[in-house]
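Asks: Before anything else, here's the structure in question.
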Ligand SMILES: [Fe+2]
Ligand SMILES: [Fe+2]
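In full-length UniProt numbering, the protein residues as written are 1 to 317.
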């Protein structure tokens, strides 16, 4: 007995197999679409919520130069959110609906943004570690099987690498400063190191969707592979900077050709993901308020678009 595959499903399989891109008008399995909407929306939400910890420092930046850099960086994150919401729309998602899901807590964003940025050194460490981890996660997504997502990631990754460098440059400057500044950098590193490692998600044995996402080439590497890559990349940067990463078990393993590192506190991760991190409530409350206060802008834009469309129709008639 033979089972017949519909031609559109065959086209989908062949496209994935040949490492080509699935485009919005192509047929795709419903689960593929759903998985992508979830991932892209979560990614978009993370960019938007991710503006908050650092945005908090814009008015208190220590110089005009630092203020201009930080303003540009936070604005980039808003842009990333917008590209990604647009990519989600090509899958049939509705942006207003995605925002409603975010502010009602039905869709998640990266748990890293539920930690507070306590000093200006946090701005540097977020650039170095959080944007650094984001790059490790996102560079392989430039080859993701869904075209609009992959293309959005190319531009986003270029900007993320600027973010990472500006963070590192800020930290380098602080490390050449006073003892108090060096202590601030070390303290911020201590607070952000472990949450950065959690950004790669649960360990592979506890990540049920990874295998399917990899088969569909939405994801290219497992969480643990990417986490290891980040650790290997970051240890020499910490040495060059002169800070200590807060992990006594961190050491080079010549047999593996990688750094070994200590056990991540997955209980803390689960707490933060489930809404009980230090800033979860503050982040969502702030986002909800911004959304409500922006209602008149959305209404005005919609009214303007309707007026333009009516005028175009008139001219055509
Ligand atoms: Fe970003
Ligand atoms: Fe960034």
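From the three backbone atoms N, C-alpha and C, an ideal C-beta is built for every residue, glycine too.
Values in this document were obtained by computation on a predicted structure and should not be read as measured data.
Which residue from 64, 101, 47 puts its Cα closest to that of residue 76?
Replies: Mapped onto the chain shown, residue 76 falls at position 76. Ranking 64, 101, 47 by Cα distance to residue 76 puts 47 first.
Asks: Quick test of your reading: residue 283 and residue 42, contact by CB under 8 angstroms. State the CB separation rounded to the nearest angstrom.
Replies: Here residue 283 refers to the residue found at position 283 of the chain shown. Here residue 42 refers to the residue found at position 42 of the chain shown. 14 angstroms between Cβ atoms; not a contact.
Asks: Indicate whether residue 127 and residue 168 have their beta-carbon atoms separated by less than 8 angstroms.
Replies: Counting from 1 along the chain shown, the entry for residue 127 is found at position 127. Counting from 1 along the chain shown, the entry for residue 168 is found at position 168. A contact, by the Cβ cut-off of 8 angstroms.
Asks: Could you check which residue in 149, 68, 57, 145 has the C-alpha nearest to that of residue 117?
Replies: As a first step, residue 117 must be located in the chain shown, where it is residue number 117. When each option's Cα is compared against that of residue 117, the closest is 57.
Asks: Taking DSSP as the reference, what is the three-state secondary structure of residue 115?
Replies: Residue mapping note: residue 115 aligns to position 115 of the chain shown, counting from 1. Three-state result, residue 115: coil.
Asks: Three Cβ pairs or more, each shorter than 8 angstroms: is that satisfied between the region 231-240 and the region 295-309?
Replies: Not touching, per the Cβ criterion.
Asks: Measuring CA to CA, which of 66, 94, 19, 21 is closest to residue 34?
Replies: Indexing the chain shown from 1 puts residue 34 at position 34. Closest option to residue 34, Cα to Cα, is 94.
Asks: Can you list, in chain order, the residues of its chain whose CB lies under 7 angstroms from that of residue 175, leaving out five sequence neighbours each side?
Replies: In the chain shown, the residue the question calls residue 175 occupies position 175. Counting only Cβ-Cβ distances below 7 angstroms, and skipping sequence neighbours, we find 182, 185, 241, 242.
Asks: DSSP three-state call for residue 266: helix, strand or coil?
Replies: Taking the first residue of the chain shown as position 1, residue 266 is located at position 266. Reduced to three states, the DSSP call for residue 266 is helix.
Asks: Pick out whichever of 6, 16, 309, 281 has its Cα sitting closest to the Cα of residue 146.
Replies: Locating residue 146 in the chain shown gives position 146, counting from the first residue. The option with the nearest alpha carbon to residue 146 is 16.
Asks: Between the alpha carbons of residue 74 and residue 50, how many angstroms are there, rounded?
Replies: Indexing the chain shown from 1 puts residue 74 at position 74. Indexing the chain shown from 1 puts residue 50 at position 50. Roughly 8 angstroms separates the two Cα atoms.
Asks: If I follow the unbroken alpha helix (DSSP H) through residue 85, where does it start and stop?
Replies: Numbered from its first residue, the chain shown carries residue 85 at position 85. It spans 64-89 - the alpha helix (DSSP H) in which residue 85 sits, taken as one unbroken run.
Asks: Apart from the five residues on each side of it in sequence, which residues of its chain come closer than 7 angstroms, Cβ to Cβ, to residue 148?
Replies: As a working note, residue 148 is residue 148 in the chain shown. Once the five neighbours on either side are set aside, the close Cβ partners of residue 148 are 24, 87, 90.
Asks: Exposed or buried, residue 114, counting other C-beta atoms within 10 Å across all chains shown (16 or more means buried)?
Replies: Taking the first residue of the chain shown as 1, we reach residue 114 at position 114. Residue 114 comes out buried.
Asks: Measure the alpha-carbon distance for residue 327 versus residue 151 and round it to whole angstroms.
Replies: Any property of residue 327 remains undetermined from this structure, which presents the chain solely from 1 to 317.
Asks: My output table needs one value for residue 109: the three-state DSSP class, helix, strand or coil.
Replies: Residue numbering aside, residue 109 sits at position 109 when the chain shown is read from its first letter. If DSSP states are grouped into helix, strand and coil, residue 109 belongs with coil.
Asks: Tell me whether residue 48 sits in a helix, a strand or coil according to DSSP, three-state version.
Replies: Here the question's residue 48 lines up with position 48 in the chain shown. Helix at residue 48.
Asks: Any contact between the region 248-266 and the region 154-161? By contact I mean 3 or more CB pairs, one from each, below 8 angstroms.
Replies: No, the region 248-266 does not touch the region 154-161.
Asks: Count the other C-beta atoms from every protein chain shown that fall within 10 angstroms of the C-beta of residue 315, then say buried if there are 16 or more, exposed otherwise.
Replies: To locate residue 315, count along the chain shown from 1; it is residue 315. By the neighbour-count rule (16 or more Cβ atoms within 10 Å), residue 315 is not buried but exposed.
Asks: Is it a yes or a no for the region 26-40 touching the region 256-275, going by three-plus beta-carbon pairs under 8 angstroms?
Replies: No, they do not touch.
Asks: Starting from the C-beta of residue 6, find all residues in its chain whose C-beta is less than 7 angstroms away, skip the five residues before and the five after it, and write them out in chain order.
Replies: On the chain shown, position 6 is the one that residue 6 refers to. Excluding residues within five positions, none has a Cβ falling inside 7 angstroms.
Asks: Given the structure, does residue 47 come close to ligand 1, in the sense that its CB is under 7 angstroms from one of the ligand's heavy atoms?
Replies: Counted from its first residue, the chain shown places residue 47 at position 47. For ligand 1, at least one heavy atom lies less than 7 angstroms from the Cβ of residue 47.
Asks: Flag residue 150 as yes when its Cβ comes closer than 7 angstroms to any non-hydrogen atom of ligand 1, and as no otherwise.
Replies: Taking the first residue of the chain shown as position 1, residue 150 is located at position 150. Residue 150 Cβ: outside cutoff for every heavy atom of ligand 1.
Asks: Which residue from 294, 225, 229, 22 puts its Cα closest to that of residue 207?
Replies: The residue you call residue 207 lines up with position 207 of the chain shown. Per the Cα distances, 225.
Asks: Of the choices 142, 40, 10, 100, whose alpha-carbon is the least far from that of residue 295?
Replies: Looking up residue 295 in the chain shown gives position 295. If we check each option's Cα against that of residue 295, 100 comes out closest.
Asks: Any idea what DSSP makes of residue 232, helix, strand or coil?
Replies: The sequence position of residue 232 within the chain shown is 232, counting from 1. Note: residue 232 maps to helix in three-state DSSP.
Asks: Just to confirm, does residue 163 get its C-beta within under 7 angstroms of one of the non-hydrogen atoms of ligand 2?
Replies: Locating residue 163 in the chain shown gives position 163, where the first residue counts as 1. Checking the Cβ of residue 163 against ligand 2 gives yes.
Asks: Give the single residue among 123, 217, 195, 78 whose Cα lies nearest to the Cα of residue 18.
Replies: As a working note, residue 18 is residue 18 in the chain shown. Of the candidates 123, 217, 195, 78, the one whose C-alpha sits nearest the C-alpha of residue 18 is 217.
Asks: At a threshold of 7 angstroms, does residue 239 count as lining ligand 1 (C-beta to nearest heavy atom)?
Replies: Position 239 of the chain shown, counting from 1, holds the residue named residue 239. Checking the Cβ of residue 239 against ligand 1 gives no.
Asks: Give me the residue from 309, 195, 312 with the minimum Cα distance to residue 267.
Replies: In the chain shown, residue 267 corresponds to position 267, counting from 1. Residue 267 has its Cα closest to that of 195, out of 309, 195, 312.
Asks: Whole angstroms are fine: how far does the CA of residue 279 sit from the CA of residue 247?
Replies: Position 247 of the chain shown, counting from 1, holds the residue named residue 247. Position 279 of the chain shown, counting from 1, holds the residue named residue 279. About 24 angstroms.
Asks: Which stretch, first to last residue, makes up the alpha helix (DSSP H) that contains residue 327?
Replies: The structure shown does not extend to residue 327, since the chain is modelled only from 1 to 317, so the question has no answer here.
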